[in-house]
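Note sheet for the following structure.
There are 2 protein chains.
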Amino acid sequence: MEQGAATRQALLDAAAALIAETGWCAVTTRAIAARAEVPHGAVSYHFASKDDLLREAAISATRRALAAPLALAAQAGSVAELLSGTFAWYAAGGLTDPAVAQLLETAREAARDQALRAPIGADLHEYRKALADLVRRDQERGALVGGVPADGVAAAIAALLDGLILHLVLDPDLDTRPAAAAVLGLLAGEPR
Amino acid sequence: MEQGAATRQALLDAAAALIAETGWCAVTTRAIAARAEVPHGAVSYHFASKDDLLREAAISATRRALAAPLALAAQAGSVAELLSGTFAWYAAGGLTDPAVAQLLETAREAARDQALRAPIGADLHEYRKALADLVRRDQERGALVGGVPADGVAAAIAALLDGLILHLVLDPDLDTRPAAAAVLGLLAGEPR
DNA sequence: TGTACGATTGGCCATATGGACAACCCGCAA
DNA sequence: TTGCGGGTTGTCCATATGGCCAATCGTACA
């Protein structure tokens, strides 16, 4: 019984890795099996179909990948701190993390697959909520301009950070420092 | 000679449409040929490979899709007008436009294909430049807070708009109105 | 009229893929 | 010992795909 679960998990891990490395559509059941070091027939036994396997692998991998930013949003002392940290991570080459490729692949697939969209959308929603709490705290402290809806600011920041990832993937030479300066300046409300 | 070019173009158009409808990896040379109403052997004659055909189709389709927002950025009277128009388009269901699906597919593929990344990245760069000009004009008029780098604001706005598309695709129920209000408020610098 | 050449057409092939399955292994309870 | 059942393994198969190619067409030009 325990062995069965281990094989199943190995297949899930291999599938998630391959999605990031080769892209969703290039993943084959045979490649997954080879990566997991199990015979290819094992796939049919443990999963109803290739789609099922990829979906399940992508969902858990995405949850794992989003855990770090979520924790950061929940623990950051301020929005500025969160943004600075994230921008620094981008600049330091965080994009080379396979998790980024995996997220992009999953997002694209989720745009076509309702069963995938639901859980991913829920994770995103949770992230925005944590961010909105942080924004609200900052606004009360006066560290962030008031008079704008906190949930709107949170949605905008989340979209900005993900959009920046997209742009950086398409144009690795893009300098994010001016954007970082602009966003931090606007949020602080310092200029007049 | 003219006929040859027409067949070639029909294949390109069919390929672009199929990328948007079924997703990049689900496109087959036979489906393209059927869509273009030419025999499937025509693909081999007019293009060196399926990859070549898809790349060329995606590049021209992307350029076509980006022409509208680019013109909008160049002609808009102000950043606020541009943003309001774009947000309204999102809310009115602009996401159902096949061009959006096509752009997402192309972006994902470009992340893995240097030959695709280069032209797409150049188009993005051009868009950011037009946006930066608009921002600069607004700052000089005082319609937009100064003291922040215009190119940074432009990069942030571009990322924000694309990131919002991504989030809307993953979560169609997301209400963009608070985000729109927040962004417009922050850029105007009205609150204090 | 003939002919050269680009364009067209449909058949063909090697290959890869997802999935099904029968045989087998092995620990455990009767 | 004998069954039993979950797990494993390798093989087999129908299908689809990308690409190649020989035969054919049609037309502009000599």
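Line order of the protein sequences matches chains A and B. Numbering (the working numbering) for the first sequence: 1 to 192. Numbering (the working numbering) for the second sequence: 1001 to 1192. The C-beta atom is built at its ideal place from N, Cα and C for all residues, glycine as well.
Against A181(A), the close residues of chain B are V1148, P1149, G1152, in the order they occur along the chain (beta-carbon pairs closer than 9 Å). A direct Cα-to-Cα measurement between A130(A) and A91(A) gives close to 24 Å.
Per DSSP, reduced to three states, the secondary structure at T1028(B) is coil, with no helix or strand assignment. Cβ-Cβ separation between A1068(B) and A1016(B): approximately 16 Å, too far for a contact (criterion under 8 Å).
Three or more pairs of CB atoms, one per stretch, sit closer than 8 Å, so the region 1135–1150 of chain B contacts the region 1064–1081 of chain B. The residue from A1101(B), E1037(B), L1054(B), L1187(B) with its alpha-carbon nearest to that of D1162(B) is A1101(B). Between the alpha carbons of L160(A) and A1179(B) lies a gap of roughly 11 Å.
When C-alpha distances from R136(A) are compared across T1106(B), P1098(B), A1182(B), the shortest belongs to A1182(B). In the structure shown, G121(A) falls within a helical segment according to DSSP collapsed to helix, strand and coil.
Shortest Cα-Cα distance from L1174(B) to any of H125(A), G23(A), P149(A), A31(A) involves H125(A). For V27(A), the closest Cβ of chain B is not nearer than 7 Å. If you check the CB distance, L12(A) and A57(A) come in under 7 Å.
Only those residues of the region 1101–1117 of chain B whose C-beta falls short of 9 Å from the nearest C-beta of chain A are listed: A1101, L1104, E1105, A1107, R1108, E1109, A1110, A1111, R1112, R1117. The three-state secondary structure of R1112(B), taken from DSSP, is coil. For T22(A), the uninterrupted alpha helix (DSSP H) run begins and ends at 2–22, by DSSP.
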